[in-house]
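Chemist: Have a look at this one before I ask anything.
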Amino acid sequence: MDIEHVLENGNCHQCGVCVGVCPTNAIELRQDPNKGLFPTFLRESCTDCDLCHIACPGEEFDWDALQKDTFGEIPIDKDIGYVREFWSGYTKWTDIRRTAASGGIVSAILIAMLEKGEIDGAVVVKMDEDKPLQPKVYIARTREEVLAAQQSKYLPVPTGEILKPILKEEGRFAIVGLPCHIHGIRLAQQKMPRLKKRIVLLVGLICGFHPSFTNTTYLIRRAGVKNFDDIAEIRYRDETWPGGFNVIKKDGSNNILHPVQEFFWAHAVFERVRCATCTDAMAEFADIVCGDEWRGGGVPDRPDYKDGWSYIMTRTEAGTKVVDQMVNEGVLHVEPAARNQVKRGMLPTINLKKKLAFAYINIRKMLGLAVPNYHRLRPAKPLKLKNYLGAAIIMVVSTLFENKLINTLFLHVPTRFMSQYLRVMYKCLCDVEEIDSLTDFSYCETPEMESVIQDNHRLIASYANGDASQETVAGVTGDVEETVS
Ligand SMILES: Cc1cc2nc3c(=O)[nH]c(=O)nc-3n(C[C@H](O)[C@H](O)[C@H](O)COP(=O)(O)OP(=O)(O)OC[C@H]3O[C@@H](n4cnc5c(N)ncnc54)[C@H](O)[C@@H]3O)c2cc1C
Ligand code: SF4
Ligand code: SF4
Ligand code: SF4
691 MDIEHVLENG NCHQCGVCVG VCPTNAIELR QDPNKGLFPT FLRESCTDCD LCHIACPGEE
751 FDWDALQKDT FGEIPIDKDI GYVREFWSGY TKWTDIRRTA ASGGIVSAIL IAMLEKGEID
811 GAVVVKMDED KPLQPKVYIA RTREEVLAAQ QSKYLPVPTG EILKPILKEE GRFAIVGLPC
871 HIHGIRLAQQ KMPRLKKRIV LLVGLICGFH PSFTNTTYLI RRAGVKNFDD IAEIRYRDET
931 WPGGFNVIKK DGSNNILHPV QEFFWAHAVF ERVRCATCTD AMAEFADIVC GDEWRGGGVP
991 DRPDYKDGWS YIMTRTEAGT KVVDQMVNEG VLHVEPAARN QVKRGMLPTI NLKKKLAFAY
1051 INIRKMLGLA VPNYHRLRPA KPLKLKNYLG AAIIMVVSTL FENKLINTLF LHVPTRFMSQ
1111 YLRVMYKCLC DVEEIDSLTD FSYCETPEME SVIQDNHRLI ASYANGDASQ ETVAGVTGDV
1171 EETVS
């Protein structure tokens, strides 16, 4: 395998691990207008040491061998992987829960470990203050630094680049990452004992849909912001759970899109090729896994669901020890969750990875395109024609939406119409008996929410024509918050 081959043929996760392990800085991250931060290979600096190839999870990934190496066995449950404990919960530190993506579990664990001296640093990611459209991966050493990274960032994040300073510095580190980040880090740890010793905890985030960088620029334009130089900050899931995409301009104004729906459909049409061929939603190689507590595709039936609840799974002894300790010390509130409850809640996400990804890989193979090699890994269930249909739709739609002219045509198409795309996807993903509850979006289709959508779009349209002021946009934001909370 050649790293250039991975980069050029749609097999790169943009995980940054090759950048982190290269001893000669022969791989650099550069900002690409469509891909975001993407590795560039500098042949003249390469000594052919092969480290990047060994650690790269993009093209060669022997799933079963790494499962065996990590857990000592190949798990029987092909949907969700090797799990020791399942929980639902949130952090009892209410200030952290309020500002978190879900239940604030990830940040609370990192802060508690830092404050007790169990780790010297936590690898997290925030949006770069100087370059608001770029992520910044860093080692947090204080509560404030961990909190600056709260919330999910839905653009390519090269977490693996942080292996470079970790290789240089003594200490114990926890890393928060998506499943693909963790694949690369585990591979690098196999080869580099220093990384095995220094990285004491891998916290994985559940990851279903991951959009390309074009999704971010599209959402900014859909939110009515034309001049990107005016942007001070973007937040993907601002305000009450599950949150809405918000562009905060340098003049302090908010430009928020409809929570949930805008975000979901846009996510799904900008899917990256390597995400479409990715088979891991549940961070199957992490020590601890956290995600939103979805129930059957909808929200949990809890009175306080808008405060944020998380699913928590522990996979290793190290992960289980940390969660148990945090519960005993009053940092986390947890309730047991059944394996089937988690599976049902995550069904569309799991099917996306355990059915659609294989259909997508097969279609690419038929077209003579490069695909990742997962060795003996197979779909959890036999593929159906509709899985192929879903994969083909994703392939065509996501290719079309990468074109600026085409995605501009969809800038003002109403949310309700675009959300139908998600329903089609669910139908291609799930079996008939699963569909009814999964396509129930009624929780975000109240009359109040509908009026917010209409107002928002009217305003965005008029703002695009240059006849709406920022104050009015901020006014609509207020309505959104009021309606959601
Ligand atoms: C791209 C992406 C896709 C996701 N898809 C799903 C899904 O389909 N279903 C589901 O249930 N949950 C999904 N999640 C997980 C969910 O959004 C929350 O991140 C998770 O529940 C943890 O919430 P928290 O309140 O404990 O975290 P917080 O306390 O808010 O902390 C969030 C942590 O995540 C880290 N982080 C944020 N974005 C990234 C990123 N892109 N790469 C690496 N680290 C990051 C931050 O550094 C921070 O430490 C996704 C997250 C991301 C980033
Ligand atoms: S290590 Fe990650 S970023 Fe580097 S080429 Fe492989 S998949 Fe891409
Ligand atoms: S082969 Fe070695 S020197 Fe060359 S890019 Fe890869 S890690 Fe860097
Ligand atoms: S879907 Fe897979 S490849 Fe894409 S970001 Fe998530 S873990 Fe990485």
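All residue numbers for the sequence shown refer to our numbering, where the first residue is 691 and numbers rise by one. Backbone N, C-alpha and C define an ideal beta-carbon position, used for all residues, glycine too.
Please state whether the Cβ-Cβ distance between F728 and C702 is less than 9 Å.
Modeler: Against the sequence shown, residue 728 aligns to sequence position 38. Against the sequence shown, residue 702 aligns to sequence position 12. Yes. Within cutoff.
Chemist: Flag this pair as yes or no: are the beta carbons of K1094 and L1073 separated by less than 9 Å?
Modeler: Position 404 of the sequence shown, counted from the start, is the residue given in the question as residue 1094. Position 383 of the sequence shown, counted from the start, is the residue given in the question as residue 1073. No. Outside cutoff.
Chemist: Report the three-state DSSP secondary structure of P993 (helix, strand or coil).
Modeler: Within the sequence shown, residue 993 is the residue found at index 303, counting from 1. If DSSP states are grouped into helix, strand and coil, P993 belongs with coil.
Chemist: For M1085, does the three-state DSSP call read helix, strand or coil?
Modeler: If you number the sequence shown from 1, residue 1085 lands on position 395. M1085: helix per DSSP, three-state reduction.
Chemist: Hey, out of N1052, G710, P855 and I799, whose CA is closest to V1021's CA?
Modeler: The residue labelled residue 1021 in the question sits at position 331 within the sequence shown. Taking only the C-alpha atoms, the option nearest V1021 is I799.
Chemist: Helix, strand or coil for R925? Go by DSSP, reduced to three states.
Modeler: Working through the sequence shown from its first residue, we reach residue 925 at position 235. Here R925 sits in strand by DSSP.
Chemist: When a residue counts only if its C-beta is closer than 6 Å to some heavy atom of ligand 4, which residues count, in chain order?
Modeler: Going by the Cβ distance cut-off, the answer is H703, L868, P869, C870, C897, H900, R964, C965, C968 and D970.
Chemist: According to DSSP, what are the bridge partners of Y780?
Modeler: As a first step, residue 780 must be located in the sequence shown, where it is residue number 90. In the DSSP output, where bridge partners are listed per residue, Y780 has H1023.
Chemist: Return helix, strand or coil for Q721, following the three-state DSSP convention.
Modeler: On the sequence shown, residue 721 is found 31 positions in, with the first residue counted as 1. Of the three classes helix, strand and coil, the one that applies to Q721 here is strand, per DSSP.
Chemist: Here's a check: name, in chain order, each residue in its chain whose Cβ is nearer than 7 Å to the Cβ of D920, leaving out the five neighbours to either side.
Modeler: Here residue 920 is taken as the residue at index 230 of the sequence shown, counted from 1. Closer than 7 Å at Cβ, skipping near neighbours: K939 and K940.
Chemist: In terms of residue numbering, what span does the beta strand (DSSP E) encompassing Y772 cover?
Modeler: Within the sequence shown, residue 772 is the residue found at index 82, counting from 1. Per DSSP, Y772 belongs to no beta strand (DSSP E) and is neither H nor E.
Chemist: With 16 other CB atoms within 10 Å as the buried threshold, where does E682 fall?
Modeler: With the chain covering 691 to 1175 only, the question about residue 682 has no answer from this structure.
Chemist: Give the DSSP-derived three-state secondary structure of M1139 in the structure shown.
Modeler: Your numbering for residue 1139 matches position 449 in the sequence shown. Low local confidence applies: a pLDDT of 43 at M1139 is under 50, so the model's placement there is unreliable, and no value is given.
Chemist: Closer than 8 Å: is that where the CB of I978 sits relative to any heavy atom of ligand 3?
Modeler: In the sequence shown, residue 978 corresponds to position 288, counting from 1. False, no ligand heavy atom lies under 8 Å from that Cβ.
Chemist: Would you say A1047 touches ligand 1, meaning its beta carbon is less than 8 Å from a heavy atom?
Modeler: Taking the first residue of the sequence shown as 1, we reach residue 1047 at position 357. A1047: no, Cβ never under 8 Å from ligand 1.
Chemist: If you reduce the DSSP assignment to three classes, tell me which class A812 lands in.
Modeler: Working through the sequence shown from its first residue, we reach residue 812 at position 122. If DSSP states are grouped into helix, strand and coil, A812 belongs with the strands.
Chemist: Closer than 8 Å to a non-hydrogen atom of ligand 1 - does that hold for the CB of T1004?
Modeler: Within the sequence shown, residue 1004 is the residue found at index 314, counting from 1. T1004 Cβ: outside cutoff for every heavy atom of ligand 1.
Chemist: Which partner residues does P729 have in the DSSP bridge list?
Modeler: Here the question's residue 729 lines up with position 39 in the sequence shown. P729 is bridged to L719.
Chemist: Hey, could you find the ends of the beta strand (DSSP E) T1004 is sitting in?
Modeler: Within the sequence shown, numbered from 1, the residue matching residue 1004 stands at position 314. Segment S1000 to T1004, the beta strand (DSSP E) holding T1004.
Chemist: If F918 and I910 are in contact, beta carbons under 8 Å, what's the gap, nearest whole angstrom?
Modeler: Counting from 1 along the sequence shown, the entry for residue 918 is found at position 228. Counting from 1 along the sequence shown, the entry for residue 910 is found at position 220. Their Cβ separation, rounded to whole angstroms, is 7 Å, which keeps F918 and I910 in contact under 8 Å.
Chemist: For G1039, which residues of its own chain have a beta-carbon under 6 Å away from its beta-carbon, when the five flanking residues on both sides are left out?
Modeler: Here residue 1039 is taken as the residue at index 349 of the sequence shown, counted from 1. Looking at the sequence itself, residue 1039 is Thr, so the reference to Gly does not match. Same-chain partners within the cutoff: G898 and A971.
Chemist: Is DSSP giving A830 helix, strand or coil here?
Modeler: As a position in the sequence shown, residue 830 is number 140, starting the count at 1. Three-state DSSP puts A830 in a strand.
Chemist: Please classify L1101: does DSSP put it in a helix, a strand, or coil?
Modeler: If you number the sequence shown from 1, residue 1101 lands on position 411. Three-state DSSP puts L1101 in coil, outside helix and strand.
Chemist: Thinking C-alpha only, which one of D997, S943, G771 and R964 is nearest R788?
Modeler: To locate residue 788, count along the sequence shown from 1; it is residue 98. When only C-alpha atoms are compared, the closest one is D997.
Chemist: Measure from the alpha carbon of V937 to the alpha carbon of each residue in H957, A956, K916 and W955, then state which is nearest.
Modeler: As a first step, residue 937 is located in the sequence shown; it is residue number 247 there, counting from the start. Ranking H957, A956, K916 and W955 by Cα distance to V937 puts K916 first.
Chemist: Determine whether the beta carbon atoms of A1008 and V890 lie at a separation below 9 Å.
Modeler: The residue you call residue 1008 lines up with position 318 of the sequence shown. The residue you call residue 890 lines up with position 200 of the sequence shown. For A1008 and V890, yes; Cβs fall inside 9 Å.
Chemist: Answer yes or no: the CB of V707 versus the heavy atoms of ligand 3, is any distance below 8 Å?
Modeler: Sequence index remark: in the sequence shown, residue 707 carries index 17 (1-based). Every heavy atom of ligand 3 is 8 Å or more from the Cβ of V707, so no.
Chemist: Near C1118, what residues of its chain come up, given a Cβ to Cβ distance below 6 Å and the 5 sequence neighbours on each side ignored?
Modeler: In the sequence shown, the residue the question calls residue 1118 occupies position 428. For C1118, where only same-chain residues beyond five positions count, the Cβ hits under 6 Å are K1076, L1079 and G1080.
Chemist: Using DSSP's beta-bridge definition, name the partner residues of A1047.
Modeler: To locate residue 1047, count along the sequence shown from 1; it is residue 357. Answer is none; A1047 lacks a bridge partner.
Chemist: Verify whether the separation of the beta carbon atoms of I1248 and F731 is less than 9 Å.
Modeler: No answer is possible for residue 1248: the residues shown for the chain start at 691 and end at 1175.
Chemist: Nearest by alpha-carbon distance to I1053: which of N1063, L1037 and A1082 is it?
Modeler: Translated into positions along the sequence shown, residue 1053 becomes position 363. Nearest option by C-alpha distance: A1082.
Chemist: Are the CB atoms of A839 and K816 nearer to each other than 9 Å?
Modeler: Here residue 839 is taken as the residue at index 149 of the sequence shown, counted from 1. Here residue 816 is taken as the residue at index 126 of the sequence shown, counted from 1. Yes; because the gap between Cβ atoms is below 9 Å, this pair is in contact.
Chemist: Near W984, which residues of its chain fall below 6 Å by C-beta distance, leaving aside the five closest residues on each side in sequence?
Modeler: Residue 984 sits at position 294 when you count from the first residue of the sequence shown. Counting only Cβ-Cβ distances below 6 Å, and skipping sequence neighbours, we find G1035.
Chemist: Counting only runs of 3+ residues fully inside the stretch 877–921, write out the beta strand (DSSP E) ranges in chain order.
Modeler: Listed in chain order, they are 889–895.
Chemist: I'd like to confirm the pairing. Which residues does DSSP put opposite Y817 in its beta bridges?
Modeler: As a position in the sequence shown, residue 817 is number 127, starting the count at 1. Sequence check: residue 817 is Met here, not Tyr. Answer is P825.
Chemist: How many Å lie between L776 and W999 at the Cα?
Modeler: Counting from one through the sequence shown, the residue named residue 776 turns up at place 86. Counting from one through the sequence shown, the residue named residue 999 turns up at place 309. First, the amino acid is wrong: residue 776 is Phe here, not Leu. Near 13 Å, if we compare the C-alpha coordinates of W999 and F776.
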